[in-house]
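Below you'll find the structure, written out as structure tokens, and then a few comments.
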Amino acid sequence: LSGDEGIAIAEYSKTQPHRTFIDGISGAQATTLDVDSPNFFRFHADGAMWSAGLGDYGYSKEAWRNAVTIGDDYDFGYTSVSGFIGEFCSIGGQITKRIWAPLGTTDYSSYIAQIPKGADVFVAIGGSGLVTFLKQYQQVNGKLNPKKVIGNTFWPDPTILRAVGSAVVGVVAANGVDADSNQPAMLAYKKVEDVYPAVEKDFSSIFVEGYWTGAQALVQALTQLHGDLNDPTQSKLNASLAKQTLNGPFGPIKLDKYRSAVTPNWIVK
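To convert, take the position in the sequence shown, counting from 1, and add 6; that gives this note's numbering.
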């Protein structure tokens, strides 16, 4: 699930060369790009990919030229922020300050105080921390100004939206999920609610989609092998997984040379 965990498991997979590992939803870039374990596969994007489009949006649509970033101080936070920074700075933007809050922070007041008044801010705080951050940010700065704040992939998550309500209306973020899609693949995927009623409100969560794509790829690979796992090295399974392409619920998914997904991304408001 978590960025640091994914890196640790990818490193561990190198010590277990005869076993196949599939990432659940851990999205640190280093998991595949740096560790590069031949028996570790990820069929969802990483955090940098999930930020795709936001740097250009801030620069081109909102005329941001200088920005502040704030993110969780661990590998996924770094990856998520890097996706924004890489794009924003490549077209002329500058990052004037980078703020990192320890994972699990419950009082963000000292970090919010580091954000200059009126600054354009990219926010990559995740999970329950984002809910706390948003409440405390508004206590200091008042209602969120959608032109001054851009969110990362956590912002459109249904669990977060239910918790913060109308506070984030109009804010732009990015996500690997197109929750408003009415394409056949999306409608078919939505039936996951019938099998797992607990996700009825959360089928559009990137967390649900990531586990689904990994499982779907494994099912496809096993089908092609006719369920034959007699190979003690699982090399046939690994070779089959590496070639899998998915008709994902939000678009096609394939793997790059590091066995990590290349997948569509969406800018959402």
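Glycine included, C-beta positions come from ideal geometry on N, C-alpha and C.
Since residue i and residue j are thought to touch, with beta carbons under 8 Å apart, how far apart are those beta carbons, to the nearest angstrom?
{"i": "glycine 53", "j": "glycine 89", "result": "6 Å"}
{"i": "arginine 104", "j": "threonine 75", "result": "5 Å"}
{"i": "isoleucine 101", "j": "alanine 73", "result": "6 Å"}
{"i": "aspartate 200", "j": "proline 164", "result": "The Cβ separation is near 18 Å, so there is no contact."}
{"i": "glycine 182", "j": "alanine 51", "result": "5 Å"}
{"i": "glycine 77", "j": "isoleucine 121", "result": "Contact flag wrong, Cβ pair sits at about 12 Å."}
Report the option in the options whose CA atom is closest to the CA atom of residue i.
{"i": "glycine 6", "options": "Ser210, Leu7, Lys123", "result": "Residue numbering for the chain in the displayed model covers 7 to 275; residue 6 lies beyond these limits and cannot be assessed."}
{"i": "phenylalanine 128", "options": "Glu93, Gly148, Gln145, Asp113", "result": "Glu93"}
{"i": "aspartate 247", "options": "Glu215, Ala221, Gly257, Pro270", "result": "Aspartate is not the amino acid found at residue 247; the sequence shown has leucine there. Answer by Cα proximity: Ala221."}
{"i": "valine 33", "options": "Phe27, Gly12, Thr26, Pro23", "result": "Looking at the sequence shown, residue 33 is not valine but glycine. Comparing Cα positions, the closest option is Gly12."}
{"i": "valine 268", "options": "Met55, Leu167, Leu193", "result": "Met55"}
{"i": "glycine 9", "options": "Lys249, Lys207, Asp79", "result": "Asp79"}
{"i": "serine 57", "options": "Phe82, Gly257, Thr37", "result": "Phe82"}
{"i": "valine 177", "options": "Gly99, Pro44, Thr38, Lys67", "result": "Lys67"}
{"i": "threonine 37", "options": "Ser86, Gln22, Leu140, Glu17", "result": "Glu17"}
Cβ of residue i within 8 Å of Cβ of residue j?
{"i": "glycine 135", "j": "threonine 111", "result": "yes"}
{"i": "tryptophan 284", "j": "aspartate 126", "result": "The requested residue 284 is not part of the displayed model; the chain covers only 7 to 275."}
{"i": "isoleucine 273", "j": "leucine 60", "result": "yes"}
{"i": "lysine 242", "j": "leucine 231", "result": "yes"}
{"i": "serine 172", "j": "glutamine 142", "result": "no"}
Report the rounded CA-to-CA distance for residue i versus residue j, giving the unit in angstroms.
{"i": "lysine 263", "j": "tryptophan 106", "result": "31 Å"}
{"i": "threonine 251", "j": "asparagine 147", "result": "46 Å"}
{"i": "aspartate 234", "j": "arginine 265", "result": "22 Å"}
{"i": "glycine 157", "j": "alanine 180", "result": "7 Å"}
{"i": "glutamine 35", "j": "valine 137", "result": "25 Å"}
{"i": "phenylalanine 256", "j": "alanine 194", "result": "11 Å"}
{"i": "isoleucine 97", "j": "isoleucine 91", "result": "10 Å"}
{"i": "aspartate 42", "j": "valine 198", "result": "31 Å"}
{"i": "lysine 20", "j": "tyrosine 202", "result": "33 Å"}
{"i": "isoleucine 166", "j": "alanine 185", "result": "14 Å"}
{"i": "tyrosine 84", "j": "proline 108", "result": "12 Å"}
{"i": "lysine 275", "j": "asparagine 151", "result": "13 Å"}
{"i": "isoleucine 31", "j": "proline 270", "result": "16 Å"}
{"i": "arginine 25", "j": "proline 258", "result": "27 Å"}
{"i": "serine 187", "j": "glutamate 215", "result": "14 Å"}
{"i": "leucine 140", "j": "proline 23", "result": "44 Å"}
{"i": "lysine 149", "j": "glycine 99", "result": "25 Å"}
{"i": "phenylalanine 46", "j": "lysine 196", "result": "27 Å"}
{"i": "asparagine 236", "j": "glutamate 206", "result": "37 Å"}
{"i": "threonine 239", "j": "alanine 245", "result": "11 Å"}
{"i": "proline 44", "j": "alanine 191", "result": "30 Å"}
{"i": "lysine 2", "j": "valine 174", "result": "Outside the shown range of the chain, which is 7 to 275, sits residue 2, and nothing can be said about it."}
Segments of 3+ residues assigned as beta strand (DSSP E) that fall wholly inside the stretch 125 to 208: 126 to 130, 155 to 157, 179 to 181
Whole beta strand (DSSP E) elements within the stretch 43 to 129, 3-residue minimum: 72 to 78, 100 to 107
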